[in-house]
Structure formats: C-alpha cells, structure tokens
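Number of protein chains: 2
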Amino acid sequence: MTPQTFVPEPAICRLPWYLACVTRMRARGVEYISSTAISKEVNLDASQIAKDLSYLNIKGKTRIGYEASQLEEGLTDFLGFRYTHNAVMMGVGSLGAALMSDSGLERYGLNIVAGFDINPALTGTVIEGRPVYHLDSLKEKMKSLNAEIAIIAVPVEAAASVAALCAEAGAKALWNFTPFHITAIPGVTIQNTSIYAHLAVMYNRMNCQEKP
Amino acid sequence: MTPQTFVPEPAICRLPWYLACVTRMRARGVEYISSTAISKEVNLDASQIAKDLSYLNIKGKTRIGYEASQLEEGLTDFLGFRYTHNAVMMGVGSLGAALMSDSGLERYGLNIVAGFDINPALTGTVIEGRPVYHLDSLKEKMKSLNAEIAIIAVPVEAAASVAALCAEAGAKALWNFTPFHITAIPGVTIQNTSIYAHLAVMYNRMNCQEKP
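In order, the protein sequence lines correspond to chains A and B.
Its first residue numbered 229, the first sequence is counted upward by one per residue in my numbering.
Its first residue numbered 229, the second sequence is counted upward by one per residue in my numbering.
So, in structure tokens, the structure goes:
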C-alpha cells in the first residue's frame, strides 16, 4: 500500500457509510454520484461529505459528481479493504474465537492466519481452518506467518504483557478489544475497539433523562 | 436502573479502563485507591481521572482516595454492567452468530435472548442455547421476550429496513454493527459500533508517514 496522509478518525469512520451508499446506488444503475446525492441517503451535510471525500485522490465533475465505479474503487482502496493484511489472534477464548469466525473481517482486508493462547485445551486445535499455537512460539511464528497485526482478545489482566510480547515479536499494529488501556509503544499503531465500553455508552443514553 | 445524567462518550469509554485497574488493585489487596494511583497504571492525567470519576455518586477521602470495593461497585453500577439488559440479535450470519457466542457480553450486562433472520437455513435453529426466529415474528416476540435492545448485524443493504422494524417492534436501543448510518429515530438510542471502520482507521495509521 502506498503511504497515506493522516486522516482524522471521525472522517475515516464516515467513509464506510459512503461506500455502502455508493455500492447500493451502483446496484440501482446510477452512473454519477454527487455528495448531494450521498447526503440524501446518509442524512449528513453535503459539504461535510465533500470535505471527507477530498482526502481521496479522485476528481469529481462540477454539478455531475463522481463516476460511480471510480468512487467505489477509490473508497475501497483508500479504506485499505482491497489489500490483505495478515493478522494473528491473541487469545482464542470467547471473543477471540468469535472474531475468528467472522468472515466479514476478511471482506474488509483482514486475514487472520493463526491464533495464540496459553490454555492447553485450546493450543493445538484448529479454528475455522486456522491453527492455534502456544503463546511461547509467537516470535518465531509472527515472522513465518508474515503477520503485521495482532488482535488482542485476552483476559484484561493479561492485556499489558501480551501487548508488549506482540510488539517485541514485530507487530506493526495492535487491535485491542480488551478494556485495558494500552499506552503508546514507539513504532506500533494501537487501535482500541472496546465493544464493552460502547455497551456502557448505550446503557447511559437509554437511561438519560436529559438528552443532549 | 435509576435515571442518569448525560455523560460525554469519551468519559464513559475511559471508565472501563479504571474499572479494570481497580479490579487488579483490589486483587493485590489495595484498600484505598486515589486518582493518582489509577493515573500511574493507565497512564492518563490524574485530574482527568478525578473529573471522570466525579460523574459517579461516590465520595473519596482527601489524600486517601476511594474505598476500593466501593469504587469497584460504583463503577460497575454506573456503567450498567450489573443489570441485565435483554437483547435480540438481528441477523445471525457470521458476525451475529459470533457475537452470540461471546460470553463476555453477558458479563457486561447484555443478555441475548434470541436471534432473528430470514434465511430458512438459520430460522428454527438454536445458537448457544438461544432460539433463532423468523424476522416476521419480531414484533410479537420482542414483547414476550421482554427485550429492549436490538443488535443489528444484518447485511448492510438490509440495515435501514431492519432498524425501522426494530423501532416499530418497540426496541428502546439499537446497537448497530453494520457500516450503514442509522439516522435518528425519536425515542430510540442508537449506538454505532463499526468494527470495520476501526479497521480502516488502523490501516490508515499503519501507512501514515506523518504521525500526528
């Protein structure tokens, strides 16, 4: 993948909405798509959409919009969904094994090549065709598997030490699903996706009297 | 659950970090915990932590901190993890079935009582002890199952119509895992957790030359 410019997280998180919208419009036979047309479908300001799309290297035509297939490809490329990124799953307990079973991740460019655990009942097994190794072999396997990303789904008490091990083993990025706050590691991208924290946000909103 | 005040999302998302930290400290026998002590473990400013904790209805003692067990209970309560919230899973394909297999959700107060799908190969089956019904029976089942939350893990094309159906069936909250942007529905809390968007953010950060 070619080097990219730094794009603010809220903008990146909106781009998949536009991609989903463009795919639906293309399926309906639409050939040119403007930010105004996207705006009507996703219910966001057209100027915001135009600004977000300006991060992509695609030129639209004034008053006509973007060529639909070009916009779909451009978004898919830009989001990194077209490339395959090899990843290892750290911890194949409940959530880890569940994520290994989600074929959606592969559609979005993430190829989980193996799992790692310390539970003897799990090491040596195979989940959805992918082997589960003992944590001790991480360093050696990361290289031979050509994996850049480590997904962390271990118990929260183990998150800090496992994150450090993955960095040592050469991981370029850690995708952290635990509620533990992994602090910065030089040269390593850290992405926190605490689905349980989102649950807490949802509970709070459900029980709020004063809505924002 | 008692009505709560509206707490900003970033603050709520940090609270589980403190909870994990407090649980670890209690396991080590610590009896009083100050925001300074938490600060050392999670690598955040102590004044930020004190401010976040001020949303809870717990009084700490100056220079001593919070009583550890009271803080752990207070955080668990405040985050809604102690209460059981019944939920239905809309779409039991790859991600939906995976989430139904994640026992972690139950630990954080989410009880998935049933799944819904339109695929005849899936309706009538049982996933981790929970029945999978046809979408047509949603309205009738939501009531008898006493479910307030609908988790949306259907294909992106179906997200809009399924969200509308859930709202009609009486869902108080929608937890949306699709890349579709569900727009506001009066009286319904919408929580978007697009794990695939987080993947895109991680890819971008990995390929960035200029780090922020």
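Beta carbons are placed, not taken as given, at the ideal position from N, Cα and C, and that holds for glycine.
Against THR312(B), chain A offers no close residue; the least beta-carbon distance is about 11 Å (beta-carbon pairs closer than 7 Å). The alpha-carbon of LEU281(B) is positioned some 20 Å away from that of MET434(A). From the beta-carbon of GLY332(B), the residues of chain A found nearer than 8 Å are SER322, LEU323, TYR424.
The beta carbon of THR251(A) sits closer than 7 Å to the beta carbons of GLU300 from its chain, once the five residues preceding and following it are set aside; these are given in chain order. VAL360(B) is classed as buried because its beta carbon has at least 16 other beta carbons within 10 Å across all chains shown. In this structure, DSSP gives LEU299(B) a helical state, which the three-state scheme calls helix. Contact annotation: VAL416(B) and LEU373(B) have beta-carbon atoms that are not nearer than 8 Å. Shown here for THR421(B): same chain residues with a beta carbon closer than 8 Å to its own, the five before and five after excluded, namely TRP403, ASN404, PHE405 in chain order. ARG335(B) counts as exposed, since fewer than 16 other C-beta atoms from the protein chains shown sit within 10 angstroms of its C-beta. Residue-level contact by beta carbon holds for CYS436(A) and chain B, with a gap shorter than 8 Å.
In summary, the residues of the stretch 396-421 of chain A whose CB is separated from some CB of chain B by less than 7 Å are LYS400, ALA401, TRP403, PRO407, PHE408, HIS409, THR411, THR417, GLN419, THR421, in the order they occur in the chain. Going by beta carbons, MET430(A) and ALA401(B) fall inside the 8 Å limit. Collapsing the DSSP output to three states places PRO407(B) in coil.
Across the stretch 271-301 of chain A, CB contacts with chain B closer than 7 Å involve ASN271, in sequence order along the chain. Under the rule that a run must span 4 or more residues, the alpha helix (DSSP H) segments found entirely inside the stretch 237-301 of chain B read 237-255, 263-270, 274-281. Sequence-distant partners of THR351(A) (beyond 5 residues in either direction) whose C-beta falls short of 7 Å from its own C-beta, in its chain, are ASP345, VAL360, TYR361, HIS362. Scanning LYS369(A), GLN419(A), ALA265(A), LEU427(A) for the CA closest to the CA of ILE418(B) turns up LEU427(A). Taken in chain order, the complete beta strand (DSSP E) segments of 3 or more residues contained in the stretch 360-395 of chain A are 377-380.
Boundaries of the beta strand (DSSP E) around ASN339(B): 338-345. Taken through DSSP and simplified to helix, strand or coil, ARG335(A) comes out as helix. The beta carbons of GLY398(B) and LYS369(B) sit no closer together than 8 Å.
For GLY319(B) against VAL382(B), the beta-carbon gap comes to about 4 Å, under 8 Å, which counts as contact.
Taking the Cβ atoms as the reference, ALA387(B) lies roughly 7 Å from ILE410(B), within the contact range of under 8 Å.
For ILE286(B) and LYS268(B), the gap between their C-alpha atoms comes out near 21 Å.
When Cβ-Cβ separations below 8 Å define contact, CYS394(B) makes no contact with chain A. Within 9 Å of the CB of GLY308(B), the CB atoms of chain A belong to LEU427, ALA428, MET430, TYR431, ASN432, MET434, ASN435, in sequence order along the chain. The beta carbon of GLY357(A) sits no closer than 8 Å to any beta carbon of chain B. Distance from the Cα of ILE292(A) is smallest, within the candidate group ARG310(A), SER263(A), PHE234(A), ALA248(A), for SER263(A).
The C-beta distance from SER297(B) to ARG256(B) rounds to 13 Å, too long to meet the 8 Å contact threshold. The CB of ILE240(A) comes closer than 8 Å to the CB of ALA425, ALA428, VAL429, ASN432 in chain B, given here in chain order. Per DSSP, the unbroken alpha helix (DSSP H) holding ASN432(A) starts and ends at 423-434. By the rule that beta-carbons nearer than 8 Å mark a contact, ARG252(A) touches chain B. At a cut-off of 8 Å between beta carbons, GLU368(A) makes no contact with chain B. Counting along the chain, the unbroken beta strand (DSSP E) around ALA315(B) starts and ends at 313-318. Bounds of the alpha helix (DSSP H) holding GLY324(A) are 322-328.
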